[in-house]
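These notes are about the structure you will find just below.
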Amino acid sequence: MKKVLIAVDDTKDSTAVFSVFNNLVRPPEEVVLLNVQGLEGKSMMIDMLGDAEISTLKECLEGSEHMEMLERESMRILDYYRKEMENGGLIRVKAMSRFGITSDEILKVADEEGAELIIMGFSGRKGLDRLIAGRLSKDIEKSARVPVMLARHPEGAGKQGLEKAVPQPLVLKEELS
Amino acid sequence: MKKVLIAVDDSRTSREVLSTCASAIRQPEEVLLLHVQRLEGRSLMIDMLGEAEMSTLKESLRETEHKRDLDRKSVEILSWYRKKLERLIRVPVRTLVGEGRPAEGILKVAHDEDVDLIILGKSGKKSLDRLITGSVAAEVEKRAGIPVMTARRRVVCEEPYSWTDAYAAVSALTIVVLGLLLLGFVMQHGSLLP
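Chains as they are written, first to last, in the working numbering: chain L, 31 to 207; chain Z, 357 to 550.
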């Protein structure tokens, strides 16, 4: 594989991302690390903004303290991941920050960069995070033109959730010959 | 990577797991190929069945011709995929058949077999199909505690409308036009009556 896009949200999800990247995915020649900062924080408001409003919002925020804070935060997250990945091996890592609607930006960057795979590092295990992450992965899965891999770390809350979710027995049989 | 679970059905989009396996993932030690039979076809009914009804359904279908057809279909599908996979990745492929709700079947196997990754085809492209069958991929993604990959062949150019849409549109238009002509004719005729 030539290029893989890894979309990261926070350093909290890093175990899952590294685990997926190191164990499951075939090593690509280049990794594009993408962090999208939502301009509106974690509110749902952004879904109601059209393209015109988003660009107006971006313009207003240009050079502002809020924007600088977002840029700093984005760089912090990207540097964290980049350092880990570059330590690992001989892969080129390109880090990018984008601002706006997360799912749109991820898909846009995937197209622009010609990524062959999108790895989503949004774990969202509880509450509001989970709601947002769930919607995000659904949006991406629906519109992506390449395979999408959801990075999860198979420990703790993840597997417990799974056990609770499948209470009823299911008939399984080996192949009928 | 030790174990990969690949869930397939008879849809076209399911085939995209093959190209994903060939290019995007590392060589696993073992592959589990699962086909979950839809006992109720593509109806919405299955979502309204409780646990008791579901097991009654399974019981009553046992040894019936419908079940035999389903089983035959499963074998067809699984053999097709197994052959292709073994050629692509040269790893032992074990096949499994499940019954009932696809998402739950997939999750249960993933849990019981302690797989490292679940690969699914994307949900059906056509929106009506998606509405009816729901999104298995979305549900599995939500509830699996392990990485899930939705396979998709790299699509370079995607048309927003397919020929089937055009066909349907033309047919509908023709019917409307013919209907209007007929109506016109009838009205004209009607005015000639004393």
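Quick reminder that beta carbons are idealized off the backbone N, C-alpha and C, glycines included.
- Looking only at C-alpha atoms, which of S173(L), V62(L), E171(L) and M150(L) sits nearest to T45(L)? Per the C-alpha coordinates, the member of S173(L), V62(L), E171(L) and M150(L) positioned closest to T45(L) is M150(L).
- How about V34(L) and R128(L): are their beta carbons less than 8 Å apart? no
- Query: Should G477(Z) go down as buried or exposed, given a rule of 16 or more other Cβ atoms within 10 Å for buried?
  - Reply: Looking at its Cβ environment, which holds 16 or more other Cβ atoms inside 10 Å, G477(Z) is buried.
- For V392(Z) versus P458(Z), is the C-beta distance shorter than 8 Å? yes
- Query: Skipping 5 residues on each side, what residues in its chain have a beta carbon closer than 7 Å to that of L206(L)?
  - Reply: Note on L206(L): pLDDT 42, under 50, position unreliable in the model; the coordinate value appears next. The answer is none, since no qualifying residue turns up.
- Message: I want to verify the contact list: residues of chain L whose CB lies under 7 Å from the CB of L473(Z), in sequence order.
- Response: L54
- Message: Would you say R382(Z) lies against chain L (beta-carbon separation less than 8 Å)?
- Response: yes
- What does V61(L) reach in chain Z if we use C-beta pairs closer than 9 Å? Going along chain Z, no residue has its Cβ under 9 Å from V61(L), so there is no contact; the nearest lies around 13 Å.
- Message: Let's test the definition: count the other Cβ atoms within 10 Å of the Cβ of Y437(Z) and tell me whether it reaches 16, buried, or not, exposed.
- Response: buried
- Under 8 Å between C-beta atoms, does R122(L) make it to chain Z? Closer than 8 Å: no.
- Message: Distance cutoff 8 Å, beta carbons only. Does R175(L) sit that close to anything in chain Z?
- Response: At least one CB of chain Z lies nearer than 8 Å to the CB of R175(L).
- Task: Quick one: using the 10 Å Cβ neighbour count with 16 as the cut-off for buried, is F152(L) buried or exposed?
- Result: buried
- Task: Would you identify the three-state DSSP class for V123(L), choosing helix, strand or coil?
- Result: strand
- Query: Can you name the start and end residues of the alpha helix (DSSP H) that L137(L) belongs to?
  - Reply: T132 to E143
- Task: Give the straight-line distance between the Cα atoms of S85(L) and H422(Z), rounded to the nearest whole angstrom.
- Result: 57 Å
- Closest Cβ-Cβ distance between I502(Z) and chain L: below 8 Å? yes
- Spatial distance of G186(L) from A524(Z) (CA atoms): Note on G186(L): pLDDT 39, under 50, position unreliable in the model; the coordinate value appears next. In a straight line, the C-alpha of G186(L) is about 50 Å away from that of A524(Z).
- Task: Examine chain Z for any beta-carbon lying closer than 8 Å to the beta-carbon of L147(L), and answer yes or no.
- Result: yes
- At a Cβ threshold of 8 Å, is S167(L) touching chain Z? yes
- Message: Using 8 Å for Cβ pairs, my map puts G456(Z) next to M410(Z). What's the rounded Cβ distance?
- Response: 6 Å
- Can you have a look at V526(Z) and say buried or exposed, based on whether 16 or more other CB atoms are within 10 angstroms of its CB? exposed
- Item | Distance between beta carbons of R56(L) and S379(Z), contact taken as under 8 Å | At roughly 7 Å, the Cβ-Cβ gap stays under 8 Å, so S379(Z) and R56(L) are in contact.
- Name the residues in the stretch 415-428 of chain Z whose C-beta lies less than 8 Å from a C-beta of chain L; which are they? D427
- Query: In three-state DSSP terms, what is M505(Z)?
  - Reply: strand
- Message: 8 Å is my cut-off, CB to CB: does E494(Z) come that close to chain L?
- Response: Before going further, note that residue 494(Z) is Ala rather than Glu in the sequence given. Against chain L, the CB of A494(Z) has a partner CB under 8 Å away; the residue lies at that interface.
- Query: When you compare each of M99(L), S94(L) and S104(L) to D40(L) by their alpha carbons, which one comes out closest?
  - Reply: S104(L)
- Query: By a C-beta neighbour count over all protein chains shown, 10 Å radius and 16 as the cutoff for buried, is P58(L) buried or exposed?
  - Reply: buried
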